[in-house]
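*Asks:*
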Ligand code: DAS
C-alpha cells in the first residue's frame, strides 16, 4: 500500500510539472501604473511668474507676467507625479494683495476641494505676502485636503530659477497622503513650512522662508515629502471661521513701535474707522509711554487693541510689560504682527468680546 501511495504521489507531481512545462510562458502582465493624484494649480502672480530682461536679472525684474499654462509647460515632470490642470485666479505682484482677492481665492479653493475629483491644490503666489495668504487660508479652508503655497525668489527667466523645482515639489506635496490634515503648507527651497509659523526673513535669498525658533515641518527630497513634525494649533476645517457669506473683512491695521514713536497714526486709524489695531511693540510687546494714552483712547472707542511684538519670535506675555487685564487689551501669542492682524480680522467677523478673541489666539 505504501509503495502505491508514493507512486501516486510522484505521478501527480510529474503530471503537474508537465502541465507547467507545456503551458506557454505567461506574458508578464503589465504592472498597472499607480493612479496619479488630481492636483489643481491656481496661479495668482508673483516672481514665480516673473520675467527679467536677461538670464542674470534676479532683482529689478517684473513679477506676475507668465500665465499658469506656461508655468505648467515649463515643468514637464509635473505630469509624472500628478494629473495637473491650471487656473489663473488673478495675476498680481503680491505686495498688491487685497481682501477682495483673498476672498475670491479662498472661495475658489473651497469650491474645488469639495469636489471628489480634486485631491489637492497648489497656489503659485508672490513671496512678499505669501505667508499672509497662507495663514488666511489656513483659517478659512474647509477641507483636510492639502493646500500648498509656492513661490520663487528668482524670475522664471533667470539662470537657476527656483520656480520650477519649487512648483514640482509643491505638486508632489499637494498630491501626497502625508500632507493630508496638516493645514495649509508652504514649500520653497526643499523645505516644508506651516502656514501659521512661516515668515519671509530675507529680501532676496532662496532660503528666505523660515519659522523662527519653531522650525519647519520637514523636507521635500527624492520626489516625496519627509515630515518630522506637524502643526498643533487648530487650522482649516477645525476652525470656527466661515467666509462663505462674507463680502468684506473688518478693517485692522498695524502700528510699529520704535524710539520717540508718535501717536498720530493710531489716532488717524481710529478716526478712519478701524475695528482693530495691532501694535507691534518693542521687546516683549512693550508700549512707549506716549502711545499708551492713544491705545487707551482707541479701546474706549470700541477698537480692539492687540499687543504684538516687532522682534520676530517668542511669546508676547499677557500682563507682562502692560496690564492687559486693566486696559482690556489682547496679546498676540507667537504670531508676528502681520499674522496676528489676520487672526484678529477673522475674530472680528464673529465677536468683539476681548476674552473670546484672546481664546482664539490661544488655539489658532
Ligand atoms: N514682488 C514680489 C511678489 O510678487 C515678487 C516675489 O517675490 O514673488 O511677492
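Residue numbers (the numbering used here): 54 to 417. Even glycine gets a Cβ: it sits at the ideal position worked out from N, Cα and C.
#1: What separation, rounded to the nearest whole angstrom, lies between the Cα atoms of residue 403 and residue 410?
#2: Locate the alpha helix (DSSP H) running through residue 411, then write down its first and last residues.
#3: Where residue 199 and residue 288 are concerned, what is the direct C-alpha to C-alpha distance, given to the nearest angstrom?
#4: So residue 277 is in the beta strand (DSSP E); what residue range does that whole segment cover?
#5: Output the distance between the C-alpha atoms of residue 74 and residue 133, rounded to the nearest integer angstrom.
#6: Is any heavy atom in the ligand DAS found nearer than 7 Å to the beta carbon of residue 179?
#7: Which residue marks the beginning of the beta strand (DSSP E) containing residue 144, and which one marks its end?
#8: Which stretch, first to last residue, makes up the beta strand (DSSP E) that contains residue 360?
#9: Let me know the secondary structure DSSP gives residue 273 once reduced to three states.
#10: Express the C-alpha separation of residue 112 and residue 119 in angstroms, rounding to a whole number.
#11: Decide yes or no for the touch test of the region 229-249 against the region 140-150: beta carbon pairs closer than 8 Å, at least 3 of them.
#12: Is any heavy atom of the ligand DAS found at a distance shorter than 7 Å from the C-beta of residue 204?
#13: Could you tell me which residues DSSP pairs with residue 95 in its beta bridges?
#14: Please state whether DSSP places residue 333 in a helix, a strand or coil.
#15: Below 8 Å between beta carbons: does that hold for residue 251 and residue 159?
#16: Cα separation between residue 413 and residue 227?
#17: Short of 6 Å in beta carbon distance, which residues of its chain neighbour residue 265, apart from the five on each side in sequence? Order them along the chain.
#18: Nearer than 7 Å: is that true of the beta carbon of residue 326 relative to any heavy atom of the ligand DAS?
#19: Under 8 Å by Cβ, that's how I've got residue 116 and residue 98 pegged, so tell me the actual separation to the nearest angstrom.
#20: For the alpha helix (DSSP H) containing residue 153, name the first residue and the last one.
#21: Is it buried or exposed for residue 109, if we count other Cβ within 10 angstroms and need 16 for buried?
#22: Rounded to whole angstroms, what's the CA-CA distance from residue 201 to residue 155? Just pull it up for me.
#23: For residue 398 versus residue 305, is the C-beta spacing smaller than 8 Å?
#24: Can you give me the start and stop residues for the alpha helix (DSSP H) that residue 128 sits inside?
#25: Could you name each continuous alpha helix (DSSP H) segment of 4 residues or more that falls completely within the region 338-390, going from the start of the chain to the end?
#26: Could you have a look at residue 421 and say whether DSSP puts it in helix, strand or coil?
#27: How would you write the range of the beta strand (DSSP E) that residue 309 sits in, first residue to last?
#28: Tell me where the alpha helix (DSSP H) around residue 319 begins and ends.
#29: Give a yes or no on whether 8 Å exceeds the smallest Cβ distance from residue 215 to chain B.
#30: Which residue marks the beginning of the alpha helix (DSSP H) containing residue 220, and which one marks its end?
#31: If you follow the beta strand (DSSP E) that residue 245 is part of, which residue opens it and which one closes it?
*Replies:* Let's see:
#1: Going by the C-alpha atoms only, they are around 9 Å apart.
#2: 407-416
#3: 12 Å
#4: 277-280
#5: Reliability fails at residue 74, whose pLDDT of 47 lies under 50, so the model's placement of it is uncertain and the value that follows must be treated cautiously. Between residue 74 and residue 133, the C-alpha separation is close to 40 Å.
#6: yes
#7: 136-145
#8: 357-362
#9: strand
#10: 17 Å
#11: no
#12: Within the cutoff, so yes.
#13: 140 and 176
#14: strand
#15: no
#16: 28 Å
#17: 365 and 366
#18: no
#19: With a Cβ gap of about 6 Å, residue 116 and residue 98 count as contacting.
#20: 152-166
#21: exposed
#22: 15 Å
#23: yes
#24: First-last for residue 128: undefined, no H or E at that position.
#25: 345-353 and 377-380
#26: Past the edges of the chain, shown from 54 to 417, lies residue 421, and the structure says nothing about it.
#27: 305-309
#28: 317-324
#29: In the structure shown, chain B cannot be found, because there is only a single protein chain.
#30: Residue 220 -> alpha helix (DSSP H) spans 216-227.
#31: 244-247
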